[in-house]
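Participant: Input: one structure, supplied below.
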Amino acid sequence: MSTTTWAWLVLLFPLLGATINGLGYRRLGRVGAGIVGTASIGLAFLCAVGALFSLQGHDAEHRALVSSLWDYAVTGDVDAKLSILVDPLSVYMMLVVTGISTLIHLYSVSYMKGDRGYARYFSYLNFFVFSMLVLVLGGNFLMLIVGWAFVGAASYLLISFWYRRGTATAAGIKAFVINVVGDVGLVLGTFFVLRHSGTLDFLGTFRAVHGGAFDSHNGALVAGCLLILVGAFAKSAQIPLHTWLPDAMEGPTPVSSLIHAATMVTAGVYLIARLHPLFEAAPAAADTAAVIGCLTLLIAGTIALTQTDIKRVIAYSTMSQIGYMIMAVGAGGYVAGLFHLMTHAFFKALLFMAAGSIIGAMAGAQSLDRMSGFRKAMPFTFGCFVVGGLALSGVPPFSGFFSKDEILAFVGNRGGWFVAPYVVGYIGAFLTAVYTWRMIFRAFWGEPCAEARELEHGHLAHAEVPTNPANGEEEDTDVGFPGPEHTIAEWALPMKVAMTLLAIGATVAGLVQIPEVDHVITNFLEPTFADSKYIHDEAGSGLVFFGMALGTVVALLGIALAHRIWVAKPGSAAAWRERFKPAYTLFVNKWWFDEAIDLLVVRPFAAFGTFSRRTFERVVVEGTLVDGTTSVVRAGSAAVRAIQTGLLRYYAALLLLGGAAVLLYFLISAS
Amino acid sequence: MSIAWYLVVSALIFCIGAGGVLVRRNPLVILLCLELMLNAANLALIAFSRMHGNDDGQIFALIVMVVAACEVTVGLGLIVAIFRRRLPIDVDQLRELQG
């Protein structure tokens, strides 16, 4: 089979899974839905592997294959086709997306077992995977935008999955609205590019850019790239469009793991890497991306230090790690950014799964304040958390260490003002270690809490009245709310298998790309980035080893600090809070981003809307236009109605008079 | 003979018919007057046909007769229906269809 056929099959299976689950949920039953959902993604993964081997069979120069099914519209300057582009970058993304998705589907089979919306859940999840694959496989801007919008919709559906929970639906709406802001940016940016390149096709656009369609520092290109960045920032939760991501944790935990950690939120990174010829021709836009990524990684890291909801801590951590990736691809380190994308997918999905397991043990509660001492009760979850935490904080030889280091070495090597992001990157690494281990120490060390003690005796805690962990409202367990049963990884084989595989990945995935030893990812992705001017920008070994040493020290220091505050001297956290009160207030309030957006955007718009409704809508539209039209029609019809007397002879007389008048007219005009 | 004679007769019959339609109130008589008007037109058509030596006018007149037959059928049917329901046979009183 040809490479593109494999790729089409990768797209087909998730769509089939979503359709079968969505339409046949009555026939399938609970077991069937899980099997269909998981198997379709598993098959997609196998096809992705097939595409990988098939692609490697081509020469390095011919590894960008385009296949079109049909044309949507080919008119003038628009060539909208249903086409996919299979090149090393898209195959790489395909493998990450389908691989992680398979494991998360497997995990969900057990985790969502008690939920009444089981088949609906798998249908949505398969639809999400399909959309994400459309996004990464799309061969032109049109397909990219379609996939981009689809993943936004899937994300909305899954965040609001428990649709009777007010907080969940509100979070879904928030995510959708912010993502639509990004969609608009992406579409407008595409128009800017299309106007000058004359084609929607990626390869055609890149040829046009290299062929001089834009002169350097072209204003239209910079504007277009900045608008595309708005899309990337909204999807990848970068400042200031990040506020939806923490709220998105209202969705089921595997959803947070798949969509809001491993795959969808990294779409912005993929987008910048995919469009790298554009961004290299518009350095101002690329630098903006690097700066925003750098700010995000720092701000998100500080917020994560103070949050008490375990899923929100990991969510802010995700934001921070994507900040690293955006910074990398903005600076031109595409391979470094994508490498971190892959390792992050492993360890962040693992951390979320482990968090889901603890939440199961806590019967749905998510607050770190209530968790403690789970170490003995949940050894497997604890092990996974430690592996994920070590990888996240960048301790050698775990995967995060190598990928984060490659990013920082690349950024440091750029020199100039990139020294600032380089330093901030290490500060961020320190914060990462502190907040990750704060979470682990608080959940697993200390006196076992009531739920942990019960679990040690083999009983899973059960909430007497299920409540919403966000605001404590009482719930039932029918459809639209979480199901009655919770599961922990220790007791469920599918969860255990998924987490074990991810833990292995999180441990060893970094070994494919060790400086001075092997460069698997670089070599694989090289054909895609061969035209990049940064491709041969490699940090010297001095900088690389200095960075590695610094990274290790920073990570260990962070872990040591966390250990000191939360284990060695329990209760000292309050003293720290007092000492850094202004900073703590800033962090715990999330830098007031929500409030600022509310004040600067939401309220002015709401006020403008109210004003328009009261004055323009009521007076001009309703008063003048609508009422005016009806009164004109009414007056006109009253006049016409008066003629309609119902007298037959009267009508006949009018008819004859009219005919006579016409006749007279012709007689006069003829003479 | 000049065509003018035929046309004068046709115009007279037409005016008689039109006058009848306007002044009479019995629908039956109105129908008869309509018939007069149609036949006046037929007379003019045939006269012109003869003058031009062209058969089109005759065919036209035949079609007018067909239409007139249809119209009379419907009209008489209506009148019978009105009579059966014991409604007044007077077009001035049949004026429910008004604005």
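Going down the list, the protein sequences come from chains A and B. Residue numbering for the first sequence is 1 to 671, as defined by the numbering used here. Residue numbering for the second sequence is 672 to 770, as defined by the numbering used here. For glycine and all other residues, C-beta sits at the position ideal for the given N, C-alpha and C. Treat the numbers as computed from the prediction; the structure is a model and nothing was measured.
1) Exposed or buried, what is proline 14/A when buried is set at 16 or more other beta-carbons lying within 10 Å of its beta-carbon?
2) At a CB distance below 8 Å, what residues from the segment 640-662 of chain A approach chain B? Give them in sequence order.
3) Taking contact to mean 3 or more Cβ pairs, one atom from each stretch, closer than 8 Å, check whether the segment 676-690 of chain B and the segment 736-747 of chain B are in contact.
4) I need the straight-line Cα distance from isoleucine 521/A to valine 335/A, nearest angstrom please.
5) Is it buried or exposed, tryptophan 592/A, if we count other Cβ atoms within 10 angstroms and call 16 or more buried?
6) Check whether the Cβ of arginine 442/A lies closer than 7 Å to any heavy atom of the ligand NAD, and answer yes or no.
7) Count the other CB atoms, across all protein chains shown, that sit within 10 Å of the CB of asparagine 697/B; report buried if there are 16 or more and exposed otherwise.
8) The alpha helix (DSSP H) spanning lysine 81/A covers which residue range?
9) Straight-line CA distance for leucine 106/A to leucine 221/A?
10) For alanine 492/A, which residues from the same chain have a beta carbon less than 7 Å from its beta carbon, with the 5 sequence-adjacent residues on both sides left out?
11) Pull up the distance between the alpha-carbon of alanine 560/A and that of tryptophan 437/A, whole angstroms please.
12) Bridge partners for valine 66/A per DSSP, in chain order?
13) Please report how far the alpha carbon of valine 187/A lies from the alpha carbon of glutamate 280/A, in whole angstroms.
14) Over the uninterrupted alpha helix (DSSP H) stretch that includes leucine 647/A, give me the two end residues.
15) Is the segment 82-91 of chain A touching the segment 58-66 of chain A, taking contact as three or more C-beta pairs under 8 Å?
16) If you drop the 5 nearest sequence neighbours on each side, which residues of the same chain put their C-beta closer than 7 Å to that of tryptophan 162/A?
17) Does DSSP put glutamine 477/A in a helix, a strand or coil?
18) On the premise that threonine 381/A lies in contact with alanine 354/A, defined as a C-beta separation below 8 Å, what is that separation, rounded to the nearest angstrom?
19) Glutamate 655/B CB to nearest chain A CB: under 8 Å?
20) Counting only the same chain and skipping the five closest in sequence on each side, list residues whose C-beta sits under 6 Å from that of threonine 102/A.
21) At the 8 Å Cβ level, is valine 692/B part of the contact set with chain A, yes or no?
22) Between the Cα of serine 760/A and those of Ala470/A, Thr266/A and Thr507/A, spot the shortest distance and give me the residue it belongs to.
23) Candidates Ile326/A, Leu297/A and Leu275/A: which alpha carbon is nearest phenylalanine 141/A's?
24) How would you list, in chain order, the residues of chain A whose beta-carbon sits under 7 Å from the beta-carbon of isoleucine 689/B?
25) In chain order, which alpha helix (DSSP H) runs of at least 4 residues are fully inside the segment 726-758 of chain B?
26) Ignoring anything shorter than 4 residues, give me the alpha helix (DSSP H) runs that lie fully in the segment 397-425 of chain A, in order along the chain.
27) Taking DSSP as the reference, what is the three-state secondary structure of valine 395/A?
28) Taking the straight line between their C-alpha atoms, what separation do you get for valine 662/A and leucine 749/B?
29) Thinking C-alpha only, which one of Glu451/A, Thr288/A and Ala261/A is nearest isoleucine 228/A?
30) Tell whether a beta-carbon distance below 8 Å holds between alanine 498/A and isoleucine 310/A.
31) DSSP on alanine 171/A, reduced to helix/strand/coil?
32) Short of 9 Å Cβ to Cβ, which residues in the segment 748-768 of chain B face chain A?
33) Using 10 angstroms around the beta-carbon of serine 572/A, count the other beta-carbons present and answer buried if the total reaches 16, otherwise exposed.
34) What residue range is occupied by the uninterrupted alpha helix (DSSP H) comprising methionine 495/A?
35) Within 10 Å of its beta-carbon, does serine 673/B have 16 or more other beta-carbons around it, so buried, or fewer, so exposed?
Facilitator: According to the data block:
1) The Cβ neighbour count for proline 14/A, taken over all protein chains shown within 10 Å, is at least 16; the residue is labelled buried.
2) Listed by position along the chain: Val640, Arg641, Ala642, Ile643, Gln644, Thr645, Gly646, Leu647, Leu648, Arg649, Ala652, Ala653 and Leu656.
3) no
4) 7 Å
5) exposed
6) Among the components modelled here there is no ligand, and therefore nothing to report on the ligand NAD.
7) With fewer than 16 Cβ atoms within 10 Å of its Cβ, asparagine 697/B is classed as exposed.
8) That residue, lysine 81/A, is in no alpha helix (DSSP H); its beta strand (DSSP E) goes 78-86.
9) 44 Å
10) Same-chain partners within the cutoff: Ser110.
11) 9 Å
12) Answer by DSSP bridge pairing, in chain order: Leu85/A.
13) 20 Å
14) Premise fails: leucine 647/A is in no alpha helix (DSSP H) and is neither H nor E.
15) yes
16) Ala168, Gly480, Phe481 and Pro482
17) One point to set straight first is that residue 477/A is threonine, not glutamine, in the sequence displayed. Looking at threonine 477/A - three-state DSSP - the assignment turns out to be coil, as it is neither helix nor strand.
18) That pair is a contact at about 5 Å.
19) It is not possible to answer for residue 655/B, since the shown part of chain B is limited to 672 through 770.
20) Ile41, Gly42 and Phe45
21) yes
22) Given a span of 1 to 671 for chain A in the structure shown, any question on residue 760/A remains unanswerable.
23) Nearest option by C-alpha distance: Leu275/A.
24) Before going on, a small fix: residue 689/B reads as alanine here, not isoleucine. The answer, in chain order, is Leu656.
25) 727-755
26) Complete alpha helix (DSSP H) runs here, min 4: 399-414.
27) coil
28) 31 Å
29) With distances taken between Cα atoms, isoleucine 228/A lies closest to Thr288/A.
30) no
31) helix
32) Val762, Asp763, Leu765, Arg766, Glu767 and Leu768
33) exposed
34) 493-508
35) exposed
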